[in-house]
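Presented below is the structure to which this report refers.
Residue numbers (my numbering), protein chains in the order written: chain A, 80 to 364; chain B, 80 to 364.
Shown next, in the form of structure tokens:
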């Protein structure tokens, strides 16, 4: 039965009960985190000056989209596995859907650029040029990564490396532009926001680094063999740990890069909101 | 088994796992896009001047309706196919429901006219006359297209052409009216909004062009034969690619014409919102 479905190239490595539940639980926690961040970002708009509200709205949209996709990813996880007694979980033959995560990135990564540029409040012409470059680079990065991600045949390992390499070019371009633009903008920002922007710069660098590492780990010949169901018993364990590690890694990176980053955007907006601060001080006096 | 179901006239061409999932994934992504656009449009109303808020509300309603219909279309897709081992997906005999898309258009196309006319802020008498003509034409266009869309019998191919031709008359009338009215209104718009209105005019022309092309492709004798399950093996492949291409094409066109267009309406409203902009500048001083 399992052997037959393996021909579909959608086989998942066998998992222990602990491994299966670890992934299932982190998906549920990610749904909760993204949903909570969305509520916070939508409703905290009235706590900042009017010009920073669009930045919070877009941040809220990003985590709402991620909340939907993690809900769908968790369902796909349930469909891809079934409990087979004490042996743990075996793949049902249904594919665990990688595309939800890519659909999420296609929609949210450009919006993450919009929320950052929007909270910086750069000169209008500069913001437009910056956003255009960042959004095009983000779309290219995701589109070039996907053909490699879906390769499950170990003999086509080198193709995955090529797609990953191509996808890295816009990836490093985005990191370079964000880093230099954030650094350049620091002088024009109020002192209270400067420290927070330095943290935002660091969060982008650290969380974004997870994605190429996870992509590379998922593309080793062992991992591909496990994905294709052609691995031997020993490789199977490596493959299982690989799948579990990849999913938990992506989930933690997504929570930090979207919900954590959204809260940072709020803190920056709050630090720059002089009018609201003045009104609060006046009211408190 | 499959042959038996074909008698219902609702047979779908066999699909590979990749083909089935490509359509399934684009439907899920469309649900996410429409839902995200709805949240954005509803909540960004407070970021524009009061007179442009109805335009954003109607834009939000359009993508909410589309979100619901793509959710239903995706369910219908799941019901229409089942995984048959390594062979991929075969039709279950349940009809993949074309009507959801037509129900969506009946409700949303007139509302798309309302959101556009509403953001233009034309003279009241002129807006009423324009809207009346556009809404009647939109209803006629959709009502005349549907009888042709449901024809699955290759021998009735010419009937489909006639319905498609009749439906094209109000279609081209709408495009003509929108193009000339948008062009005429450009002079009375503030410079910041002019560029955006030119983009809106182009988005309408390009996205709307997809619908008659998709309709024509779905109505070729080969495609109808595949739909009716009477095609031979070679035709079946053409039919499968046709079905997959048609669904992906409609989904991308709907995302652009509804969610993308909604964001354009927001940007036009924002560009024309002199009071909110003045308040922001005043507050910042």
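Quick reminder that beta carbons are idealized off the backbone N, C-alpha and C, glycines included.
Under the Cβ distance rule, residue 269 (chain A) does not count among the residues neighbouring chain B, no pair being separated by less than 8 Å. For residue 104 (chain B), the neighbours in chain A by C-beta distance under 9 Å run, in chain order, 176, 178, 179, 181, 182.
Relative to residue 275 (chain A), the option among A:239, A:198, A:138 whose CA is nearest is A:198.
Nearest in C-alpha terms to residue 137 (chain B), of all of B:121, B:171, B:331, is B:121. DSSP places residue 170 (chain A) in the strand class (E or B) of the three-state scheme. Chain-ordered, the chain B residues with CB closer than 7 Å to the CB of residue 143 (chain A) read 115, 118.
For residue 202 (chain A), no CB of chain B lies under 8 Å from its own CB, so it is not counted at the interface with that chain. In this chain, the alpha helix (DSSP H) harbouring residue 246 (chain B) covers 236 to 264.
Between residue 128 (chain B) and residue 352 (chain B), the CB-CB gap stays under 8 Å.
Three or more beta-carbon pairs separated by less than 8 Å are not found between the stretch 208 to 227 of chain A and the stretch 145 to 155 of chain A, which leaves the two stretches without contact. With a contact defined as Cβ atoms closer than 8 Å, residue 170 (chain A) and residue 91 (chain A) qualify at about 4 Å. Pairing residue 135 (chain B) with residue 337 (chain A), the inter-Cα distance amounts to about 26 Å. For the stretch 224 to 248 of chain A, the set of positions with a beta-carbon nearer than 7 Å to some beta-carbon of chain B is empty. Residues of the stretch 134 to 161 of chain A with a Cβ closer than 9 Å to any Cβ of chain B, in chain order: 136, 137, 139, 140, 141, 143, 144, 147, 148, 151. The stretch 198 to 208 of chain B and the stretch 229 to 242 of chain B do not touch, with fewer than 3 CB-CB distances between them shorter than 8 Å. Taking 4 residues as the minimum length, the alpha helix (DSSP H) runs contained wholly in the stretch 82 to 151 of chain B are 96 to 122, in order along the chain. For residue 161 (chain A), the three-state secondary structure derived from DSSP is strand.
Relative to the Cα of residue 339 (chain A), the nearest Cα in the group A:280, A:222, A:320 belongs to A:280. At a C-beta separation below 8 Å, residue 112 (chain B) has these neighbours in chain A: 186. For residue 341 (chain B), the uninterrupted alpha helix (DSSP H) run begins and ends at 340 to 351, by DSSP. Interface flag for residue 107 (chain B) against chain A is set, since a Cβ pair is found closer than 8 Å. Less than 8 Å separates the beta-carbon of residue 345 (chain B) from that of residue 123 (chain B). Across the set B:126, B:94, B:153, B:132, the C-alpha of B:153 shows the shortest separation from the C-alpha of residue 108 (chain B). Within the model, the alpha-carbon separation for residue 240 (chain A) versus residue 118 (chain B) is close to 38 Å. Of B:130, B:318, B:296, the smallest CA-CA separation from residue 227 (chain B) is found for B:296. For the pair residue 116 (chain A) and residue 341 (chain A), the CB atoms are nearer than the 8 Å cut-off. At a cut-off of 8 Å between C-beta atoms, residue 123 (chain B) counts as an interface residue with respect to chain A. By the neighbour-count criterion, in which a residue is buried when 16 or more other Cβ atoms sit within 10 angstroms of its Cβ, residue 332 (chain A) is buried. Residue environment for residue 290 (chain B): buried (at least 16 other C-beta atoms within 10 angstroms of its C-beta).
With distances taken between CA atoms, residue 326 (chain A) lies nearest to A:293 out of A:293, A:335, A:97. Within the model, the alpha-carbon separation for residue 113 (chain B) versus residue 150 (chain A) is close to 17 Å. Taking a 10 Å sphere around the C-beta of residue 258 (chain B), we find fewer than 16 other C-beta atoms and assign the residue as exposed.
The CB of residue 273 (chain A) never comes closer than 7 Å to any CB in chain B; the least such distance is about 19 Å. For residue 132 (chain A), the nearest beta carbon of chain B is closer than 8 Å to its own beta carbon. For residue 96 (chain A) and residue 162 (chain B), the gap between their C-alpha atoms comes out near 26 Å.
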